[in-house]
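So the sequences go chain by chain: A and B. Sequential numbering of the first sequence, starting at 3, is according to the working numbering. Sequential numbering of the second sequence, starting at 3, is according to the working numbering.
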Amino acid sequence: DAKTTQPNSMESNEEEPVHLPCNHSTISGTDYIHWYRQLPSQGPEYVIHGLTSNVNNRMASLAIAEDRKSSTLILHRATLRDAAVYYCILRSGNQFYFGTGTSLTVIP
Amino acid sequence: NAGVTQTPKFQVLKTGQSMTLQCAQDMNHEYMSWYRQDPGMGLRLIHYSVGAGITDQGEVPNGYNVSRSTTEDFPLRLLSAAPSQTSVYFCASSPSGWGTGELFFGEGSRLTVL
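Following this line, the structure appears as structure tokens:
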């Protein structure tokens, strides 16, 4: 069974915020939550990661639920370059467990 | 700024043939790993290594062998290719073998087994 569950696809208007949800109800206390994104014909690219607290970086914000069973990746102002497949991943020790990803379409 | 380099980018094999997918990184990363990506699915971990001489299995290791003789290189071997191994393969490295290290991916190798 997949360790993370994400919607298959989402749409957003350009320059509006986007909230990408992820459920990871079987997460253990030492698992890190990572987000990566993948453009067509490229390898995944790191976006952000966290353990318990909300995290911000230049690309995005990560909001982690208090019980850690879900998280949300927030893109503050979507641009056309943000159109990609976004993967929510659990890092458990040395292993990364990818979900099936959310395909984000940005509408001009 | 080479990062993670994978070769070849494309390969067609016949069932039963063997081949090696090469992966090299120039960032002195201890952790290296191989993934496969099938249509409509996320990436699945095949094998990983936390340093030279140390390898371990991931989610889908059957049919694949790895070795890590140097920090820089982590080749993936298919000893007897099967059509079920048709996939896109990604190599990734990380400066850390534990939770906080981000993964740096290569551009992928597309393998077709006939």
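Note that beta-carbon positions come from the ideal geometry of N, C-alpha and C, so glycine has one too.
Beta-ladder partner(s) of B/Pro85, from DSSP: In the DSSP output, where bridge partners are listed per residue, B/Pro85 has none listed.
Along the region 18-34 of chain A, what residues have a CB closer than 9 Å to any CB found in chain B? Contact annotation: in the region 18-34 of chain A, residues whose CB is within less than 9 Å of a CB in chain B are Thr32, Asp33 and Tyr34.
Quick one: what does DSSP say B/Arg70 is sitting in, helix, strand or coil? For B/Arg70, the three-state secondary structure derived from DSSP is coil.
Answer yes or no: does any C-beta atom of chain B fall closer than 8 Å to that of A/Asn96? Yes - at least one Cβ of chain B is within 8 Å of the one on A/Asn96.
Whose CA, out of B/Leu15, B/Gly103, B/Leu113 and B/Gly42, lies closest to the CA of A/Glu47? Of the candidates B/Leu15, B/Gly103, B/Leu113 and B/Gly42, B/Gly103 places its Cα closest to the Cα of A/Glu47.
Which residue marks the beginning of the beta strand (DSSP E) containing A/Ser14, and which one marks its end? Its beta strand (DSSP E) spans residues Ser11 to Asn15.
Could you give the uninterrupted runs of the beta strand (DSSP E) lying entirely in the region 9-82 of chain B, keeping only those of 3 residues or more? Taken in chain order, the complete beta strand (DSSP E) segments of 3 residues or longer contained in the region 9-82 of chain B are 12-15, 21-27, 33-39, 45-53, 56-59, 66-68 and 78-80.
Pairwise C-alpha distance: B/Glu61 and B/Tyr50: When rounded, the distance between both Cα atoms is 10 Å.
For a contact meaning CB atoms closer than 7 Å, what does A/Tyr48 contact in chain B? Chain B residues near A/Tyr48: Glu104 and Leu105.
If we require 3 or more residues per run, which beta strand (DSSP E) segments fall completely within the region 22-64 of chain A? DSSP runs (the beta strand (DSSP E)) wholly in the region 22-64 of chain A: 34-40 and 47-52.
What is the DSSP secondary structure of B/Arg112, counted as helix, strand or coil? The answer is strand: DSSP assigns B/Arg112 an E or B state.
If the cut is a Cβ gap below 8 Å, which residues of chain A does B/Val62 touch? Near B/Val62 there are no residues of chain A at all, since even the closest Cβ is about 12 Å away, more than 8 Å.
From B/Asp40, B/Cys25, B/His31 and B/Thr7, pick the residue whose C-alpha is nearest to that of B/Thr114; which is it? Closest in C-alpha terms to B/Thr114, from the list B/Asp40, B/Cys25, B/His31 and B/Thr7, comes B/Asp40.
Which word fits A/Glu109, buried or exposed, when buried means at least 16 other C-beta atoms lie within 10 angstroms of its C-beta? According to the sequence provided, residue 109 of chain A is Ile. The question's Glu does not apply to it. When all chains shown are included, A/Ile109 counts as exposed.
Just to confirm before moving on: does the CB-CB distance between A/Gly103 and B/Gly44 stay below 8 Å? In contact: A/Gly103 and B/Gly44 (Cβ atoms closer than 8 Å).
B/Thr7 and B/Leu78: beta carbons closer than 8 Å? Judged by their CB atoms, B/Thr7 and B/Leu78 are not nearer to each other than the 8 Å cut-off.
Could you work out which residues of chain A lie near B/Met43, taking near to mean beta carbons separated by less than 7 Å? Residues of chain A passing the Cβ test: Thr102.
Of the residues B/Tyr37, B/Ser98, B/Ala84 and B/Thr17, the one placed nearest B/Gln24, counting alpha carbons only: Answer by Cα proximity: B/Tyr37.
For a test of the three-state rule: what should DSSP assign to A/Arg83, helix, strand or coil? A/Arg83: helix per DSSP, three-state reduction.
What is the rounded straight-line gap between the Cα of B/Asp28 and the Cα of B/Ser95? C-alpha separation (whole angstroms): 10 Å.
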